[in-house]
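In the numbering used here, the protein residues as written are 15 to 415.
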Amino acid sequence: MRTPPLPLAEAQARLLALAPSLPVEHRAVTECLGHYLAEDLHARRTQPAAALSAMDGFAMRSADLPGPWRVIGESAAGHPFAGSVGAGQATRISTGAMLPHGADMVLLQEDSERDGDGLRLTGELPQPPSRHVRPAGMDFTAHETLIAAGQRVGPAQIALAIAGGHSHLPVRRRVSLTVIDSGDELVAPGHLPDLHQLPASNGPMLCALASCLPVDIRHAGPVEDKLDHLAGALDAASAADVIVTSGGASVGDHDLVRPALEALGASIDFWRVSIKPGKPLLVATRGRQVILGLPGNPASAFVTAYLFLLPLLRAMLGARDALPRTFPARLATPMARGGGRMEFLRAVWDGAHVALDPLQDSGALSPLSRANALVVREAGADAKPAGTDVPVYLLENGGIA
Ligand SMILES: Nc1nc2c(c(=O)[nH]1)N[C@H]1C(S)=C(S)[C@@H](COP(=O)(O)OP(=O)(O)OC[C@H]3O[C@@H](n4cnc5c(N)ncnc54)[C@H](O)[C@@H]3O)O[C@H]1N2
Ligand code: MOO
15 MRTPPLPLAE AQARLLALAP SLPVEHRAVT ECLGHYLAED LHARRTQPAA ALSAMDGFAM
75 RSADLPGPWR VIGESAAGHP FAGSVGAGQA TRISTGAMLP HGADMVLLQE DSERDGDGLR
135 LTGELPQPPS RHVRPAGMDF TAHETLIAAG QRVGPAQIAL AIAGGHSHLP VRRRVSLTVI
195 DSGDELVAPG HLPDLHQLPA SNGPMLCALA SCLPVDIRHA GPVEDKLDHL AGALDAASAA
255 DVIVTSGGAS VGDHDLVRPA LEALGASIDF WRVSIKPGKP LLVATRGRQV ILGLPGNPAS
315 AFVTAYLFLL PLLRAMLGAR DALPRTFPAR LATPMARGGG RMEFLRAVWD GAHVALDPLQ
375 DSGALSPLSR ANALVVREAG ADAKPAGTDV PVYLLENGGI A
């Protein structure tokens, strides 16, 4: 018996529950870009380790304000002053240099005048006096949590981990993914198609989408609409953590992904989700392997990859937030009432308003390429006038983020 299409949230929860956790490994920090921390990362040192000057000027005791002072030496970055600053004394100090013993403030050089060893205040006093001092531990202290488990490692996290004294990070190993194009009408990219054919563009698109994550990708096909060919391609990928197919997921006589999976002994977890585009999405497992059968229409393949494939990969990689998030955005034009399925409309967000593309056919690639946002329209939603806030997924860098 055919079960009704699942609501989006239920389908996503079912898929994420199937995500196997990959083993944890310790990778060189500089090789961790795009991974997710497998455990909380604790600081192995304090930063700044000692109070530092935030500006170029002179270091002295605030008790001696408003001066004048006698300059007795210098503290430069990497070359601290060996002595101590006493009453009426000051040292030259540079940005990032250690505050000398005894000093608790820095006077900007622009606010002072030096004459030989003599120094006097000519401008503003820092308020409070410690304003240009970075206290020890201002950024972080030893043992505190620097980066929580499940957080993504980006450029700032790489810098923080290194500053915290780490050379390696605990992350999950890279996911292996096989992407399979299927359909008799498809020709490999670069070959000129006949009238009844078209280039297999979904596979490269899905590979590009997945490449924003630490994933080793193999691309196979296009595979003909023959059960043994499809089963053969699926079987050849038996070592992959995840297989994603596109096309052949619907109800036609040549839609063979489901029969091929059944022939291989895979267990079908669910088929069809109540979303547009993307309804015929199929999810199956074979042991620990997860198989996603995406619809062939390009926009359907993109949207289901965005809503299912990327979250699955993130969950396997240990992400705390595997699912993409929506933001409220103001409609530039009216939006017609919703249909029977939740919809993901290709749109352009200009920073203030979001404009729906006039062409929403799931077979069209050009609106997808113009889009930097997907507007969510709930099933059965009322028509909305321009200016209404609607939930939007932002496809930063065309969906790469
Ligand atoms: N009677 C029904 N027909 C259809 C239904 C339905 O419920 N009842 N669902 C429709 C929906 S919704 C979608 S989405 C499509 C999905 O079909 P398939 O996943 O079986 O995909 P195909 O039929 O193989 O292809 C659809 C379309 O996409 C093109 N395609 C396929 N693979 C690629 C590729 N790798 N690169 C570029 N383009 C590709 C293909 O040529 C077709 O034009 O089914 C509806 N039908
Ligand atoms: O659900 Mo299909 O993906 O609309 O064309």
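Backbone N, C-alpha and C define an ideal beta-carbon position, used for all residues, glycine too.
Beta-ladder partner(s) of residue i, from DSSP
i, result
"D230", "S190"
"F358", "V390"
"I86", "According to DSSP, which records beta bridges pairwise, I86 is partnered with nothing at all."
"S215", "None, per the DSSP bridge assignment."
"M349", "K398"
"R416", "Here the chain covers residues 15 to 415 and nothing more, so residue 416 does not appear."
"R166", "Y50"
"M112", "L66"
"G184", "For clarity, residue 184 is Pro in the given sequence; the question names Gly instead. Note: P184 sits in a beta bridge opposite H40."
"L20", "V287"
"H210", "None; H210 has no bridge partner."
"F154", "Q61"
Limits of the unbroken alpha helix (DSSP H) element including residue i
i, result
"P405", "Counting along the chain, P405 falls outside any alpha helix (DSSP H), though it belongs to the beta strand (DSSP E) covering D403 to L408."
"R384", "S380 to R384"
"A177", "P169 to A177"
"R106", "Careful: R106 lies outside any alpha helix (DSSP H), inside the beta strand (DSSP E) at Q103 to I107."
Residue i CB to nearest heavy atom of ligand 2 below 7 Å
i, result
"N386", "no"
"N311", "yes"
"K290", "yes"
"S380", "no"
"S314", "yes"
"K293", "yes"
Residue span of the beta strand (DSSP E) that contains residue i, given as start and end
i, result
"L122", "M119 to L122"
"S126", "S126 to D129"
"A10", "Residue 10 is absent from the model: the chain starts at 15 and stops at 415."
"A73", "G71 to M74"
"R134", "G132 to L135"
"A202", "No beta strand (DSSP E) holds A202; DSSP gives it neither H nor E."
"V9", "This structure cannot speak to residue 9, because the chain is shown only from 15 to 415."
"A369", "H367 to L370"
"T159", "T159 to I161"
Residue i Cβ short of 7 Å to ligand 1 heavy atom set
i, result
"D443", "The first residue shown for the chain is 15 and the last is 415, placing residue 443 beyond what the model contains."
"P262", "It is worth fixing the name first, because residue 262 is Gly in this sequence and not Pro. The answer is yes for G262."
"L212", "yes"
"L200", "yes"
"S215", "yes"
"D195", "yes"
"V237", "no"
"G168", "no"
"G352", "no"
"D396", "no"
"D8", "With the chain represented from 15 up to 415, any question about residue 8 goes unanswered, as that position is not in the structure."
"G419", "This structure cannot speak to residue 419, because the chain is shown only from 15 to 415."
"G246", "no"
"G401", "no"
"V265", "yes"
Residue-chain proximity (residue i, chain B), Cβ-Cβ < 8 Å
i, result
"A68", "Going by chain labels, chain B is absent from the structure shown, which holds only one protein chain."
Considering only residues of the stretch 234-283, which uninterrupted alpha helix (DSSP H) runs meet the minimum length of 4 residues and lie entirely inside it, listed in chain order?
Entirely contained in the stretch 234-283, the alpha helix (DSSP H) runs reaching 4 residues are, in chain order, 241-250 and 271-277.
Which ranges does the beta strand (DSSP E) cover as unbroken runs of at least 3 residues, wholly within the stretch 283-347, from first to last along the chain?
Whole beta strand (DSSP E) segments, 3+ residues: 296-300, 303-308 and 341-345.
Go through the stretch 23-74 residue by residue and report every complete run of the alpha helix (DSSP H) that reaches 4 residues or more, in order.
Those alpha helix (DSSP H) runs which fall completely within the stretch 23-74 and span 4+ residues do not exist here.
Three or more C-beta pairs under 8 Å: does that hold for the stretch 66-83 against the stretch 348-365?
These segments do not touch.
Do the stretch 322-332 and the stretch 363-376 meet, that is, are 3 or more Cβ pairs less than 8 Å apart?
Contact between the stretch 322-332 and the stretch 363-376 is absent, because fewer than three Cβ pairs lie under 8 Å.
Should the stretch 138-149 be called in touch with the stretch 118-129, which here means at least 3 C-beta pairs below 8 Å?
Three or more beta-carbon pairs drawn from the stretch 138-149 and the stretch 118-129 are found closer than 8 Å, and the two stretches are therefore classed as touching.
Assess, as a yes-or-no matter, whether the stretch 91-98 is touched by the stretch 39-47 under the definition of 3 or more beta carbon pairs within less than 8 Å.
Contact fails between the stretch 39-47 and the stretch 91-98, because fewer than three Cβ pairs, one in each stretch, are under 8 Å apart.
Evaluate contact between the stretch 182-190 and the stretch 239-246, counting only Cβ atoms and requiring at least three cross-stretch pairs below 8 Å.
Using a C-beta cut-off of 8 Å, the stretch 182-190 makes no contact with the stretch 239-246, since fewer than three inter-stretch Cβ pairs fall below that distance.
Would you say the stretch 296-304 touches the stretch 271-281, given that touching needs at least three Cβ pairs under 8 Å?
Verdict: yes, contact present.
Contact between the stretch 45-57 and the stretch 133-140 (3+ Cβ pairs under 8 Å):
Contact fails: fewer than three Cβ-Cβ distances are below 8 Å.
Are the stretch 333-350 and the stretch 392-405 in contact at 8 Å, needing three or more beta carbon pairs?
Contact between the stretch 333-350 and the stretch 392-405 is present, because at least three Cβ pairs lie under 8 Å.
At least 3 beta-carbon pairs within less than 8 Å: the stretch 203-222 vs the stretch 246-253
The answer is no - the stretch 246-253 does not touch the stretch 203-222, with fewer than three Cβ pairs under 8 Å.
Assess, as a yes-or-no matter, whether the stretch 67-76 is touched by the stretch 159-172 under the definition of 3 or more beta carbon pairs within less than 8 Å.
The stretch 159-172 is not in contact with the stretch 67-76.
Under 8 Å: do the stretch 256-264 and the stretch 299-316 share three or more Cβ pairs, one atom per stretch?
Yes: the two stretches touch, three or more of their Cβ pairs being nearer than 8 Å.
Under 8 Å, with one C-beta from each stretch per pair, do the stretch 149-157 and the stretch 60-71 reach the 3-pair mark?
Enough Cβ pairs lie closer than 8 Å, so yes.
Count the C-beta pairs between the stretch 63-70 and the stretch 107-116 that are closer than 8 Å, then say yes if the count reaches three, no if not.
Three or more beta-carbon pairs drawn from the stretch 63-70 and the stretch 107-116 are found closer than 8 Å, and the two stretches are therefore classed as touching.
Validate contact between the stretch 231-238 and the stretch 170-177 using beta carbons, cut 8 Å, 3 pairs
Not touching, per the Cβ criterion.
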